[in-house]
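Reading the sequence shown from the start, the letters are residues -25 to -1, 1 to 209 in mature numbering (1 follows the signal peptide of the UniProt record, and there is no 0).
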Amino acid sequence: MSKKWKAVLLGTCIFCFGGAVPASAAEFTSQPSVSEKEAEDLFSDGISDGTINELADSIVEITTEKAEEFMEDLQEAKDAAAEKEQKRRAAEKRRKAALARKKAQEEARKAEEERLAKRKELVDFALQFEGNPYVYGGTSLTNGADCSGFVMAVFQEFGYELPRVAADQMEASQLKDMENMEIGDLLFYGDYGIDHVALYIGDGKIIHASTASTGIKISDYNYRQPTAVGTYLE
């Protein structure tokens, strides 16, 4: 096939892709097809091989540029989609982490509430025996108990086995700093060895089997200077 005939085909492609087909060209295509010889004769005047080559080169150049632009746009679209997906995954990861933190905080809050509720339950149990008698050597919450017998009997109701005397109760307890004292802790007193124990009930108060004349009563925790703070509770 000659260059002139190829030019005819290229020209037809240009009309088709350009979207503007002249009426004369449409009429021409509706006629019976012409032979290569007739096409060469038709374009024999005024069209040189050089002109056809230039036209072909221009078409190739334009097509290449359009193809490159298309590929660049396609790559930009892919990059944008990848960046969007990356941001979505990062946001989802942050959302899940926030939910996990919230769940952990909620579980910790519930655990703390349960821990404090158990302490308060023990203290509330002990408070109902306020006013009952003090009996040296006694361990009865109703008929009479001394200081260590009182706390031993209270804790026994909640499944704890405490030693019998105050000094041993302190030794068996988990000692803690005074500033960390909580309800349900035990305060130990004594200038030359531990001789008294009381149950801390909060707000700076204790309940303890005090003396034979006062029985089981509520006092300020520092009515004497505490020697130590210990606990058997979580």
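For glycine and all other residues, C-beta sits at the position ideal for the given N, C-alpha and C.
Go ahead and pull the three-state DSSP assignment for residue i.
{"i": "Ser148", "result": "coil"}
{"i": "Leu174", "result": "strand"}
{"i": "Ile158", "result": "coil"}
{"i": "Ser188", "result": "coil"}
{"i": "Ile169", "result": "coil"}
{"i": "Phe(-11)", "result": "Here Phe(-11) scores only 41 on pLDDT, less than 50, and its place in the model should not be relied on; the value that follows carries that caveat. Note: Phe(-11) maps to helix in three-state DSSP."}
Taking just the CA atoms, how far does residue j sit from residue i?
{"i": "Tyr175", "j": "Lys85", "result": "23 Å"}
{"i": "Tyr111", "j": "Met156", "result": "28 Å"}
{"i": "Ala79", "j": "Leu150", "result": "29 Å"}
{"i": "Glu209", "j": "Gly124", "result": "22 Å"}
{"i": "Glu47", "j": "Asp32", "result": "22 Å"}
{"i": "Ala184", "j": "Gly205", "result": "18 Å"}
{"i": "Ser115", "j": "Arg76", "result": "48 Å"}
{"i": "Lys59", "j": "Arg70", "result": "16 Å"}
{"i": "Asn28", "j": "Lys68", "result": "59 Å"}
{"i": "Ala55", "j": "Thr38", "result": "26 Å"}
{"i": "Glu44", "j": "Leu74", "result": "45 Å"}
{"i": "Glu87", "j": "Phe133", "result": "19 Å"}
{"i": "Gly158", "j": "Ala72", "result": "Before going on, a small fix: residue 158 reads as Ile here, not Gly. If I take the Cα positions, the gap works out to 35 Å."}
{"i": "Lys62", "j": "Ala83", "result": "31 Å"}
{"i": "Ala57", "j": "Leu30", "result": "40 Å"}
{"i": "Lys93", "j": "Gly113", "result": "26 Å"}
{"i": "Lys95", "j": "Lys192", "result": "18 Å"}
{"i": "Arg64", "j": "Glu81", "result": "25 Å"}
{"i": "Ala42", "j": "Ala66", "result": "36 Å"}
{"i": "Arg199", "j": "Gly179", "result": "12 Å"}
Taking the DSSP output, what are the residues bridged to residue i?
{"i": "Pro201", "result": "Tyr164"}
{"i": "Thr114", "result": "Ala120"}
{"i": "Tyr109", "result": "Ala120"}
{"i": "Ile181", "result": "Tyr175, Ser194"}
Could you tell me if residue i is buried or exposed, where buried requires 16 or more neighbouring beta carbons within 10 angstroms of its beta carbon?
{"i": "Ala120", "result": "buried"}
{"i": "Gln50", "result": "exposed"}
{"i": "Val35", "result": "exposed"}
{"i": "Asp160", "result": "buried"}
{"i": "Ser148", "result": "buried"}
{"i": "Tyr167", "result": "exposed"}
{"i": "Met153", "result": "exposed"}
{"i": "Gln144", "result": "buried"}
State the CB to CB distance for the pair residue i and residue j, rounded to an integer number of angstroms; the pair is presumed to be in contact (CB under 8 Å).
{"i": "Ile169", "j": "Thr202", "result": "6 Å"}
{"i": "Phe163", "j": "Ala128", "result": "Not a contact, Cβ separation roughly 17 Å."}
{"i": "Asn107", "j": "Gly190", "result": "6 Å"}
{"i": "Leu137", "j": "Tyr207", "result": "7 Å"}
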